């Protein structure tokens, strides 16, 4: 078959996917018809495109859920997770939510948290590229919502998930995880309990300007409990959630340092521990009109983190082990919101949404038990958003107003006095608008979006204390005087069903927060700072090619079942990003390439290969000496026992090519940084849904993520 035939047949493949997953509606007359019993089986979509978000199903995709959550996220086309850029999707920095609520943890703490969360405990990932007025304006450019919920059933059900993987560089290292989910529903209430743990041994090799070389032996442990209860209060519903997470990590470091012409070696140890508690209560008012919604939600979150480092000189003169860092932070977040929506008679169909929101964050930090930061942030907001449909046109117009009151004090190490932080007290309006033209309803659409957002400095960048390893050459510190960043986001996108798209987005950021690394003598310093303006351009395209086009006549393809879970295909993704910063005279853009192939082998074995490569180009004030990200991941999976059991064998970073190797471009001299983790690992994962003998089992609403309905754009 000629290559030029790929395009129309791929379009056919997309339409076949659509009709394979949607139940066609039959026209009926006005007379009532009695139905004895109906059984509806809904196939989950691997990828689902909506006007404001892209949804990736994790629960049924072994190549995504075989390792930890961070590894699964790194396999999503267009999603880049790095030590330099943070978490970015199609050029937009992501604010991380879990089950509809902000995590409020950042930097290395966020990385450790996601590494400790097994990917097989994730239901789906929602990447909300165009958050509307109902979302906090502080969401910045975009949101990633990690949904861990499961369905509660009218009988006791249980699911066990486990996994083991290993790496073998200079030493053999083990990594494993286990989790158990129990849920049930009776005539009084429904409940769900998810408990789990993970253990991860790893290594990291770091070199900075050849004056500091480190070999890190890491041990990370994580335990978590997630619970949910739902009660019927008359016709209304009350939901209670409690989540608890414990995390700890030990790092043993063999260090080499060249300082003021003198060489030295050391053996150091860092230990970090954190505890996260979260309580949420939601009250949902029930109306006869199911399109009306009234919801009240309140939550409280506490995150406590402690970091310590002990160091011992080995040469030229041995010394005793002594404590050099002892830092801690405590964060409390209080949140309350009310949301109301109802249909309105405007154009063909319409809806209006109203709501109010209050959020308060309190952060304290201490160094050797001396408090050196007291930071408070209060946000009060209201919003109104209207949506309407006219023919093939969908329209959304929203406005959100937020009042900020940010203040606090920090200890001045030079004079021992407490100085007031640069306060931020302001009321701002944030508009958003969206127009979508449905070229072929439910099949192809063209979308234009605009929104204005803000990002408040995160606690990791504000904290003046060092929460990372340091020595004579390396110094990390936060900046308590950082100011908020204002974003103007534009996007145009053409989508064909859920698998093919082409789009362009542009972000104009004022007061952007960036990481700066500089060298003075033999000391390398890293901190956060505001820069005047950053413009980001991103072009992206994704396209599937069914392998049948190469060896099957067109007439036969017309007869085939094109369910994406049953056919072999290749998905191609490409993106180009260019950052324009006033301080960077000649910015270089970079390309992201991703190829994902799914191959159905004999005995229904599924083989998936995922390859991602980023070319060279500047990200903030960093320029790579080699690709930021370059990795090949493979997996083989097979379902057994009527699809209750799934076994997956996998290999990550098969060719051991993924590493951080870059130089800074914000100051002279440039600083060269190289980090290599043991990213090549092999393992297996196992998932088993324990069967029930109850023949009357039926699905009930989600508990852990009740506030977000599939057919709406609310969290």
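Numbering (the numbering used here), first residue to last: 957 to 1671.
We treat Cβ as the ideally placed atom computed from N, Cα and C, and that holds for glycine.
Here the structure is a predicted model, which is why all the values come from computation and not from measurement.
**Prompt:** Thinking C-alpha only, which one of 1336, 1271 and 1323 is nearest residue 1290?
**Reply:** Here residue 1290 corresponds to residue number 334 of the chain shown, with the count starting at 1. The candidate whose alpha carbon is nearest that of residue 1290 is 1336.
With a CB to CB cut of under 6 Å and the five nearest residues on each side skipped, what residues in its chain are close to residue 1282?
Residue numbering aside, residue 1282 sits at position 326 when the chain shown is read from its first letter. So the list reads 1264 and 1324, once near-sequence residues are dropped.
**Prompt:** So, helix, strand or coil for residue 1610, using DSSP?
**Reply:** Reading the chain shown from its first residue, position 654 is the one you call residue 1610. Coil.
Original post:
Going by other Cβ atoms of all chains shown within 10 Å of its Cβ, with 16 needed for buried, is residue 1221 buried or exposed?
Top reply: In the chain shown, residue 1221 corresponds to position 265, counting from 1. Classification for residue 1221: exposed.
With a CB to CB cut of under 6 Å and the five nearest residues on each side skipped, what residues in its chain are close to residue 1622? Translated into positions along the chain shown, residue 1622 becomes position 666. Closer than 6 Å at the Cβ level, and outside the excluded window around residue 1622, lie 1472 and 1577.
Check: Excluding sequence positions up to five away, which residues of its chain have a Cβ less than 6 Å from the Cβ of residue 1444?
Finding: To locate residue 1444, count along the chain shown from 1; it is residue 488. Cβ neighbours of residue 1444 beyond the five flanking positions: 1408 and 1464.
According to the neighbour-count rule (16 or more other Cβ atoms, all chains shown, within 10 Å of its Cβ), is residue 1379 buried or exposed? What you label residue 1379 is simply residue 423 of the chain shown in a count that begins at 1. Exposed: under 16 other Cβ atoms inside 10 Å.
Give the secondary structure of residue 1014 by DSSP, where H, G and I count as helix, E and B as strand, and everything else as coil.
Your numbering for residue 1014 matches position 58 in the chain shown. Of the three classes helix, strand and coil, the one that applies to residue 1014 here is coil, per DSSP.
- Item | alpha helix (DSSP H) segment containing residue 1417, residue limits | Position 461 of the chain shown, counting from 1, holds the residue named residue 1417. It spans 1415-1418 - the alpha helix (DSSP H) in which residue 1417 sits, taken as one unbroken run.
(Q) To the nearest angstrom, how far is the alpha carbon of residue 1400 from that of residue 1394? (A) Indexing the chain shown from 1 puts residue 1400 at position 444. Indexing the chain shown from 1 puts residue 1394 at position 438. Residue 1400 and residue 1394: Cα-Cα distance of roughly 6 Å.
Sequence-distant residues of the same chain with beta carbon closer than 7 Å to residue 1270, five excluded per side
Here the question's residue 1270 lines up with position 314 in the chain shown. Cβ neighbours of residue 1270 beyond the five flanking positions: 1221, 1222 and 1223.
- Who are the near neighbours of residue 1368 in its chain, counting only those whose CB is closer than 6 Å to its CB and skipping five residues on each side? The sequence position of residue 1368 within the chain shown is 412, counting from 1. For residue 1368, where only same-chain residues beyond five positions count, the Cβ hits under 6 Å are 1375.
* Curious, which full-length alpha helix (DSSP H) runs of at least 4 residues does the stretch 1476-1556 contain? -> 1510-1515
* Tell me, which residues are paired with residue 1277 by DSSP? -> For the purposes of this step, residue 1277 is identified with residue 321 of the chain shown, where counting begins at 1. The partner list for residue 1277 (beta bridge, DSSP) is empty, contrary to what the question assumes.
query = Is the beta carbon of residue 1342 less than 8 Å from the beta carbon of residue 1306?
reply = For the purposes of this step, residue 1342 is taken as the residue at position 386 of the chain shown. For the purposes of this step, residue 1306 is taken as the residue at position 350 of the chain shown. Yes; because the gap between Cβ atoms is below 8 Å, this pair is in contact.
**OP:** Determine the contact status of residue 1175 and residue 1205, defining contact as a CB-CB distance below 8 Å.
**Re:** On the chain shown, position 219 is the one that residue 1175 refers to. On the chain shown, position 249 is the one that residue 1205 refers to. Cβ distance < 8 Å, so residue 1175 and residue 1205 count as in contact.
**OP:** Report buried or exposed for residue 1069, applying the criterion of at least 16 other Cβ atoms within 10 angstroms of its Cβ.
**Re:** In the chain shown, counting from the first residue as 1, residue 1069 sits at position 113. The residue is buried, with at least 16 neighbouring Cβ atoms inside 10 Å.
- Terminal residues of the continuous alpha helix (DSSP H) containing residue 1570? Start at 1 with the first residue of the chain shown, and residue 1570 comes out as number 614. Unbroken run through residue 1570 is the beta strand (DSSP E), 1561-1570; no alpha helix (DSSP H).
### Task
Indicate whether the contact test is met: 3 or more Cβ pairs, each with one atom in the stretch 1137-1156 and one in the stretch 1622-1633, closer than 8 Å.
no
Check your understanding: Going along the chain, which unbroken runs of the beta strand (DSSP E) with 3 or more residues stay wholly within the stretch 1192-1269?
Key -> 1192-1215 and 1218-1241
Practice task
Would you kindly report the start and end of the unbroken beta strand (DSSP E) that includes residue 1149?
Solution key: By one-based count along the chain shown, residue 1149 stands at place 193. Its beta strand (DSSP E) spans residues 1145-1164.
Practice prompt. Can you grab the Cα-Cα spacing for the pair residue 1185 / residue 1139, in whole Å?
Written response: Against the chain shown, residue 1185 aligns to sequence position 229. Against the chain shown, residue 1139 aligns to sequence position 183. Going by the C-alpha atoms only, they are around 10 Å apart.
Query raised in the report: From 1234, 1214 and 1360, pick the residue whose C-alpha is nearest to that of residue 1092; which is it?
Result: One-based indexing of the chain shown puts residue 1092 at position 136. Of 1234, 1214 and 1360, the residue nearest in Cα terms is 1360.
- Would you mind working out which of 1618, 1563 and 1609 sits nearest residue 1603, comparing C-alpha positions? Taking the chain shown and counting its residues from 1, one reaches residue 1603 at position 647. Minimum Cα distance to residue 1603 is reached at 1563.
Measure the Cβ-Cβ separation of residue 1553 and residue 1606 and say whether it is below 8 Å.
Here residue 1553 refers to the residue found at position 597 when the chain shown is read from its first residue. Here residue 1606 refers to the residue found at position 650 when the chain shown is read from its first residue. No, these two residues do not count as a Cβ contact at 8 Å.
- Query: How many angstroms separate the CA atom of residue 1056 from the CA atom of residue 1081?
  - Reply: Residue mapping note: residue 1056 aligns to position 100 of the chain shown, counting from 1. Residue mapping note: residue 1081 aligns to position 125 of the chain shown, counting from 1. Taking the straight line from one Cα to the other gives about 11 Å.
Give a yes or no on whether the C-beta atoms belonging to residue 1035 and residue 1098 are separated by under 8 Å.
Position 79 of the chain shown, counted from the first residue, corresponds to residue 1035. Position 142 of the chain shown, counted from the first residue, corresponds to residue 1098. Contact: no.
Residue 1022 and residue 1560 - do their beta-carbons sit closer together than 8 Å? Here residue 1560 corresponds to residue number 604 of the chain shown, with the count starting at 1. Here residue 1022 corresponds to residue number 66 of the chain shown, with the count starting at 1. Against a cut-off of 8 Å, the Cβ pair of residue 1022 and residue 1560 comes out as no contact.
Notebook entry, point to check: Are the Cβ atoms of residue 1104 and residue 1646 separated by less than 8 Å?
Noted result: Along the chain shown, read from residue 1 onward, the residue named residue 1104 stands at position 148. Along the chain shown, read from residue 1 onward, the residue named residue 1646 stands at position 690. No, the pair does not count as a contact, with Cβ atoms beyond the cut-off.
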